[in-house]
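Asker:
In my numbering, the protein residues as written are 145 to 541.
1) Assuming residue 240 contacts residue 182 (C-beta within less than 8 Å), just tell me the rounded distance between them.
2) Would you mind sorting residue 228 into buried or exposed? The rule is 16 or more other CB atoms within 10 Å of its CB.
3) Straight-line CA distance for residue 538 to residue 483?
4) My output table needs one value for residue 424: the three-state DSSP class, helix, strand or coil.
5) Considering only their Cβ atoms, is the gap separating residue 268 from residue 288 smaller than 8 Å?
6) What residues are listed by DSSP as bridge partners for residue 312?
7) Ends of the beta strand (DSSP E) at residue 194?
8) Quick check on the DSSP output: what are the complete beta strand (DSSP E) runs of length 3 or more inside the segment 385-465, in order along the chain?
9) Three-state secondary structure (DSSP) at residue 262?
10) Kindly indicate which three-state DSSP category residue 298 falls into: helix, strand or coil?
11) Figure out for me which residue from 348, 203, 304, 360 has the closest Cα to the Cα of residue 326.
12) Okay, do the segment 406-421 and the segment 434-446 touch, 3+ Cβ pairs below 8 Å being the bar?
13) When you compare the CB positions of residue 252 and residue 433, do they come within less than 8 Å of one another, or not?
14) Exposed or buried, what is residue 469 when buried is set at 16 or more other beta-carbons lying within 10 Å of its beta-carbon?
15) Among 238, 348, 463, which has the Cα closest to the Cα of residue 219?
16) Residue 346: buried (16+ other C-beta within 10 angstroms of its C-beta) or exposed?
17) Buried or exposed, going by whether 16 or more other CB atoms sit within 10 Å of the CB of residue 298?
18) Does the Cβ of residue 466 have 16 or more other Cβ atoms within 10 Å, making it buried, or fewer, making it exposed?
19) Would you mind sorting residue 517 into buried or exposed? The rule is 16 or more other CB atoms within 10 Å of its CB.
20) Starting from residue 349, trace the beta strand (DSSP E) in both directions and tell me its first and last residue.
21) If you draw a straight line from the C-alpha of residue 529 to the C-alpha of residue 282, how long is it?
22) How many angstroms separate the CA atom of residue 474 from the CA atom of residue 453?
23) I need the straight-line Cα distance from residue 405 to residue 336, nearest angstrom please.
24) Using C-beta distances below 7 Å, list every residue in its chain close to residue 164, excluding the 5 sequence neighbours before and after it, in chain order.
Shown next, in the form of C-alpha cells:
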C-alpha cells in the first residue's frame, strides 16, 4: 500500500518534535464563570458542580456537571503565555446540553465535531457512558473490568482521558477499591488503579491496570477529608499527568497537586483480585505543581502557545462553601509532543492499520485522529505528512 510513493520531505512540519526537556507546570491565573445556561431544549438551568473539562475546537470547551444530566459549553480565550484572557458560558439557547440520563458524571471527553460524541465518566456504577452531543441521546456504555464493582460509594471513576490519536483511553477510581486497601488518611495515601483501554475499535477493551499511590491528606482530618485522584490526563507523547485533590483542616482547606506519572516500570495488575499483600511495582510520579486551587476537579490540554508549550486548563467544582465556578490556567512546558504522531494505534510503527484509521479520519475531515499538524482538521496537508511517515515505517526512538 502506497509503496509507489517516494519518501516525501516533511515540509509542512509534523507537530512532533520532542524537546527532551522535563515537564514543568506554571500557574497562570483563573477566571470565575457564570451560574446559568440554557440547553438545546430552551430550558434554563443553574450551572453548578462542574467536574470535568474537554476541548471541543478553537476557544470552545465543554464541561460536565455532576449529579445531573447537563453539559455546559465554555468559551475560553488564552493569551500567548497561557493565561486566560476571557472565559464565559455562551448566552442563549444551546449554551448547555441536556443528556438522556441523570448520573453522577465526573469527567468528559469530546471525540471530535464529525463524530458528535462525548464520553462521560460515571462515578456510581462506575462506567464510561457515550452520548451524542447534539441531542444528548444515550449511545452505549463501555465494558469495564469486574474488579471495579468493588469501588467505594462516591469514589468510583472520577477521571477520563483519550490520547491524541484516540487509540488509548484512561480512567481511574478516586480512592482505593475495597479489595485493594484503605482510603486516604493524614498518615498514608490511598492505592488506586489507573485503567488503560484500547480505543481503536467500536468496542473498546481494557488493556492494563497500574497501581498508583496518592499522597496522604495534607492536614488534620475533618468531615469530608480525602486525598484522591480527580484526573488522569494523557499527553500527546503518551505521558500521563495525574491531578490529586486533598481536603483537610490545614493552612489551606484544599491542596492541589499535579504529577507527571511513569508507568514504564509498573506491573500490570489486571489479574490481581486484590492488591493487599500482593507483590508488584507501582507507577512512579514526579511533582510538577502544588498549590491551593480550591476544589479543582478536572484538567484538559488546551492549545499550543506561541511562547512555547501548551495551555493546561482546569475546572473548579463549586460544591462546597469555599469554591466557586472557575476556570484555572497553567502553562505546560517540556517534552509534550508525540515523537510519532502518525502511529495512530500506538504500536510503534506506521503501517496499514494506521492507514485505515487515517483514511477514516480523512473522510470525516473535522476529526482529531488524523490531524497530524494540529490545525483542527484531517486534510491534504495531513495526508502528505502521513505518507512520509508511512514510507519511513518505524517511529523514531
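Positions of the beta carbon are idealized from the N, C-alpha and C atoms, including for glycine.
Answerer: On the basis of the supplied data:
1) 6 Å
2) buried
3) 11 Å
4) coil
5) no
6) 342
7) 194-201
8) 398-406, 428-435, 440-448, 454-460
9) strand
10) coil
11) 360
12) no
13) no
14) buried
15) 238
16) exposed
17) exposed
18) exposed
19) buried
20) 349-357
21) 36 Å
22) 10 Å
23) 13 Å
24) 479
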